[in-house]
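Encoded as C-alpha cells, the structure appears first; notes follow it.
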Amino acid sequence: MFENYIDSNEPWGISSTQEDSWDPNAPEEVQDDLEDRYARMLDELEKKERLEQERRAFEGKRLQGKNAHAYKHGLDNQKIYSLKVEGKSYREIGRLLGCSPNTVRNRLNKFRK
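Next up, the structure:
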C-alpha cells in the first residue's frame, strides 16, 4: 500500500520508499502506515536501549561480586534444596544444575534463612 503511494507520487519529489517524508495530504491509510512504521521503530529503539541498560547493570553486578552471576542462571532454590535433601553433595548439585558448588552452598544458606 505505502509503496504504491510513493511510486505514484514521484512528481512531488518522493522517489523511493527509503526516503522519509510526511505528506499531510496523503490518504489516511498511508498516514496510518507511516505512524505505525515510526511507532515500531521507536519501540525497537526503546527495546534496544532497555537491553543495553540491563547488560550494563549485569556487568556492574558481575564486577561487584563473584556470585552475582549465579542469579542469571535462573537457578531454582527449591530444586537445589530438594537435591540436597536427597543426599547429593554441593559438587553433584552444581554439576546437575550447571553452577559451582559454592553457588549451591550460598543458595542453600540463603534458602534456609
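When the count follows our numbering, it moves up by one through the sequence shown with no breaks and lands on 204 for the last residue.
Positions of the beta carbon are idealized from the N, C-alpha and C atoms, including for glycine.
> Sorted by chain position, which residues of the same chain lie with C-beta nearer than 7 Å to Lys139's C-beta, five sequence neighbours on each side aside?
Replying inline: none
> DSSP three-state call for Lys170: helix, strand or coil?
Replying inline: helix
> Excluding sequence positions up to five away, which residues of its chain have a Cβ less than 6 Å from the Cβ of Gly178?
Replying inline: none
>> Looking only at its chain, what residues have a beta carbon closer than 6 Å to the beta carbon of Tyr172, apart from the 5 residues adjacent to it on each side?
In response: Excluding residues within five positions, the ones whose Cβ falls inside 6 Å are Phe202.
> Does the Cβ-Cβ distance between Leu188 and Leu166 come in under 8 Å?
Replying inline: yes
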